[in-house]
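Asks: I have a structure I would like to understand better, so I am pasting it below and will then ask my questions one at a time.
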Amino acid sequence: MTPTDQAASVCLDVGSTWTKAVLVHADGSLAGFAEHPTTTGDVLAGMDAAVRAVSAAGRGDEPELLACSSAGGGLRLAVVGADRLSAAEAGHRVAVSAGAHVVHVHAGPMDPSDVRLLRSARPGVVLLVGGSDGDDPAGLLHNAGRLARARIRHPIVLAGNSAAREDALALLRATGRSVVACDNVLPRRGEVVPGPARAALAELYRRHAIGGRGPAVAPRFRRLVRVVTPEAVGHAATRLAAICDARVLVVDVGCATTDVHSADHSDQVRTVEGDLGVRAAAGGVLVESQTEGIVDPVEADLLGPTVARMASETGYVPRDRGSAAEDRRIAALAAVVAVRRHLRVHADAGRDVGLVVLAGGVFRQRNLAGGLAAVVATLRTDPVLAPVVAGSPVVVDADFAVVPAGLLAARGRTEAAESLLRDHLLG
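Count along the sequence shown starting at 1, add 55, and that's the number in the numbering used here.
Set out below in structure tokens:
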């Protein structure tokens, strides 16, 4: 089928705060853009509104609908372990780059009041750890039994003492709990091995992120949305790498999460940060920027009120140049921290980078004259990232081309996807 024989496409991205839609002609040219607040009661209402608005710019046949979602936001993680220090460290190390953020830590044997506290934190998943390999398994088994009997229906990642793994697994599954068992996060005293549990958490994030509230969890939403947004961005990164014949780094800064993609001609890897974003997760950006030594206490105090507003008013849109500059500053910090973390997990991703792409509404929804230069400077002057991005062009996805191109590529519409990327990122 030639491009002229194909219908246009509406490419829809359902985010945690905004639902974006673009109309793309069969040849890959953009014909319209619309956005609508993601509707909390019934996410389909916002989706339908965005589709109607952008379809009005179309002509001819009804367009094909391609959709992805990250409406679920970051995955809320509760950690249950033997002692607070090791449990908190294990939880943080596992959550990093897996789309999660820690909302509760419990240490020691659980009693009914501890279970109630855990439930009140509204986790989406529980990480159960405890004991080095070969330690007394009693503590881990006690907590497994308590979780098995509790009114907790969230998935459980079991990553504790290997000597107790099978017995703990049996306790949890006996009451119908959804459990993923993996290697111990704390196999020896003082050692943290987050990889296996992080991989398990990343898969749970993928299922969670598609989200969907109200009637949207019904079959229609599942038929419309089959791809999580970071997967769509990853497809676009792969096509960009093919076009440029070089390694491409794509940083997508969202309201609740920030994902980083590295792609070359043979491979594509991604990390998703559930504690970095420019609205619901803005507080995490400020905390982690200080931890990384990027932001000093004076700047942290200055940004604090704005960050608090971002986190509490997720639909907040800056109305003046000063607040817009603060918005971009938080986005730039989120990008730097996210890329640093990405490089720690995937060291090869920093070699021979030929193009850096900044994506996300914070970079495109306002006039960036002068503002983008400050964002790019934040990346270029960072002591960790400077060697990675030195000499590489940094472009912004101002026309919202990355996600639609990824959706088209996932559908097998490679020519249209590459045309979209060439015209709106590389033109």
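Ideal Cβ positions, reconstructed from N, Cα and C, are used throughout, including at glycine.
For clarity, every value in this text was computed on a predicted model and none was experimentally measured.
Less than 8 Å between the C-beta atoms of M365 and R334, yes or no?
Replies: Yes, these two residues count as a Cβ contact at 8 Å.
Asks: For H316, which three-state DSSP category applies?
Replies: H316: strand per DSSP, three-state reduction.
Asks: Nearest to S317 by CA position, among D188, T326 and C310, is which residue?
Replies: For the residues D188, T326 and C310, the minimum Cα distance to S317 belongs to T326.
Asks: Secondary structure at L295, three-state DSSP: helix, strand or coil?
Replies: Correct three-state label for L295: helix.
Asks: If you pair each beta-carbon of the region 297–305 with each one of the region 117–130, do three or more pairs fall below 8 Å?
Replies: Contact fails: fewer than three Cβ-Cβ distances are below 8 Å.
Asks: Taking the alpha carbon of L182 as the reference point, which residue from S168, R171 and N198 has its own alpha carbon closest?
Replies: Comparing Cα-Cα distances from L182 to each of S168, R171 and N198, the minimum goes to N198.
Asks: So what does L120 bridge to, in DSSP terms?
Replies: According to DSSP, which records beta bridges pairwise, L120 is partnered with V65.
Asks: Label L480 either buried or exposed according to how many other C-beta atoms from any shown protein chain fall within 10 Å of its C-beta, with 16 as the threshold for buried.
Replies: When all chains shown are included, L480 counts as buried.
Asks: Exposed or buried, P285, counting other C-beta atoms within 10 Å across all chains shown (16 or more means buried)?
Replies: P285 should be labelled buried.
Asks: So which of L440, A393 and M102 has the shortest CA-CA distance to T72?
Replies: Out of L440, A393 and M102, M102 has the C-alpha closest to the C-alpha of T72.
Asks: Using DSSP's beta-bridge definition, name the partner residues of V529.
Replies: This structure cannot settle anything about residue 529, because the visible part of the chain is limited to 56 through 482.
Asks: Cα separation between A337 and A387?
Replies: Each residue's Cα considered, the two are about 12 Å apart.
Asks: Considering Cα atoms alone, identify which of P178, D403 and T346 is closest to D322.
Replies: Nearest C-alpha to D322: D403.
Asks: Would you please state the rounded distance, in angstroms, between the beta carbons of L195 and A223? I believe it to be under 8 Å.
Replies: Contact flag correct, Cβ pair sits at about 6 Å.
Asks: Determine, using beta carbons only, whether S110 and V79 come nearer to each other than 8 Å.
Replies: No. Outside cutoff.
Asks: Output the distance between the C-alpha atoms of G83 and R383, rounded to the nearest integer angstrom.
Replies: Rounded to whole angstroms, G83 to R383 spans 29 Å at the Cα level.
Asks: What number of angstroms, rounded off, separates the C-alpha of V400 from the C-alpha of V431?
Replies: Computed Cα separation, rounded: 23 Å.
Asks: Is the separation between the beta-carbon of V303 and that of A311 shorter than 8 Å?
Replies: No; because the gap between Cβ atoms is not below 8 Å, this pair is not in contact.
Asks: With DSSP as the reference, identify every bridge partner of I211, one or two as the case may be.
Replies: V181 and V234, per the DSSP bridge assignment.
Asks: What would DSSP say about V170, mapped onto helix, strand or coil?
Replies: Here V170 sits in helix by DSSP.
Asks: Residues in its own chain within less than 8 Å of V450 by CB, not counting five upstream and five downstream?
Replies: Here the set comprises L410, V411, V412, L413, L480 and L481.
Asks: At 3 residues or longer, what runs of the beta strand (DSSP E) sit wholly inside the region 304–368?
Replies: Those beta strand (DSSP E) runs which fall completely within the region 304–368 and span 3+ residues are 313–318 and 323–328.
Asks: Cα separation between E381 and H290?
Replies: Those two C-alpha atoms are separated by around 31 Å.
Asks: Identify whether A108 lies in helix, strand or coil by the three-state DSSP scheme.
Replies: DSSP places A108 in helix when its eight states are reduced to three.
Asks: Hey, A287 and V458: beta-carbon distance below 8 Å or not?
Replies: Cβ atoms of A287 and V458: closer than 8 Å.
Asks: Secondary structure at M56, three-state DSSP: helix, strand or coil?
Replies: In this prediction, M56 has a pLDDT of 45, which is less than 50 and means its spatial position is unreliable; what the coordinates show is noted afterwards. The answer is coil: DSSP assigns M56 none of H, G, I, E or B.
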